[in-house]
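Going by our numbering, the sequence shown opens with residue 1, and the numbers climb by one from there. In this text, a Cβ means the ideal position worked out from N, Cα and C, and glycines have one as well. Here is the structure we will look at, set down as structure tokens.
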Amino acid sequence: MKRVITTTVLNQSGVLNRVTGLLMKRQFNIESITVGHTETPGMSKMTFVVQVEDPSKVEQLVKQLSKQIDVIKVNDISDKAMVMRELALVKVVTPPQLRQEVRSIVEPFRAQVIDMSKNVTTYQVTGDPEKIEAFIDLVRPYGIKEISRTGVTAFTRETQRADTMPDLILQ
Numbered sequence: 001m002k003r004v005i006t007t008t009v010l011n012q013s014g015v016l017n018r019v020t021g022l023l024m025k026r027q028f029n030i031e032s033i034t035v036g037h038t039e040t041p042g043m044s045k046m047t048f049v050v051q052v053e054d055p056s057k058v059e060q061l062v063k064q065l066s067k068q069i070d071v072i073k074v075n076d077i078s079d080k081a082m083v084m085r086e087l088a089l090v091k092v093v094t095p096p097q098l099r100q101e102v103r104s105i106v107e108p109f110r111a112q113v114i115d116m117s118k119n120v121t122t123y124q125v126t127g128d129p130e131k132i133e134a135f136i137d138l139v140r141p142y143g144i145k146e147i148s149r150t151g152v153t154a155f156t157r158e159t160q161r162a163d164t165m166p167d168l169i170l171q
């Protein structure tokens, strides 16, 4: 089963190497990794997608990551309500006679044209990984020249309980 692990770390040299080294030593295959600054200066967030067969290994991984120097917080958010997104750039073969056809296929994905040449169009598509895969599968018959994907970034959704919502007065 795929697990989404988020890790808040101090933004210092060598942290990424130590964290990925731990995953490598424990034989976890990283399917996706993203790292970026957070709202707090000097902090970064890492998001990993790893394939794990044994649920006890996930618990062990979270504990071991928590013990690492420069690691502030570790969460397995796989079973929580979360927002998960990825970005892909896809170069699709689009000769002039097929452009309209390809455009009608990519339109429901809200893909943006970010570059166009005589016979190739580069699309930017964002969404969950399943949406990205579906987009790629639909344009593959036209010919894909190149794909570049960012990897998944994610965090948990905020919850709002009905009793904490402010009363709305309609007039």
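- Taking 8 Å as the cut-off, the Cβ atoms of Thr38 and Ile30 do not count as close.
- For the 8 Å CB-CB criterion, Ile144 and Lys91 form a contact.
- DSSP, reduced to helix, strand and coil, places Arg3 within a strand of the structure shown.
- Rounded to whole angstroms, the separation of the alpha carbons of Ser44 and Thr159 is 24 Å.
- If the five residues before and after Asn75 are omitted, its C-beta is found closer than 6 Å to the C-beta atoms of Thr6, all from its own chain and listed in chain order.
- Counted as a single uninterrupted DSSP element, the beta strand (DSSP E) harbouring Phe48 occupies residues Met43 to Gln51.
- The DSSP-derived three-state label of Ala134 is helix.
- A residue is called buried when at least 16 other Cβ atoms come within 10 angstroms of its Cβ; Ala154 meets this threshold and is buried.
- When C-beta atoms of the stretch 104-124 are compared with those of the stretch 56-71, fewer than three pairs fall below 8 Å, so the two segments do not count as touching.
- Per DSSP, reduced to three states, the secondary structure at Phe109 is helical.
- If the five residues before and after Pro95 are omitted, its C-beta is found closer than 7 Å to the C-beta atoms of Asn119, all from its own chain and listed in chain order.
- Counting only residues of its own chain and dropping the five nearest sequence neighbours on each side, Val139 has a CB closer than 8 Å to the CB of Val90, Val92, Val102, Ile105, Val106 and Tyr123.
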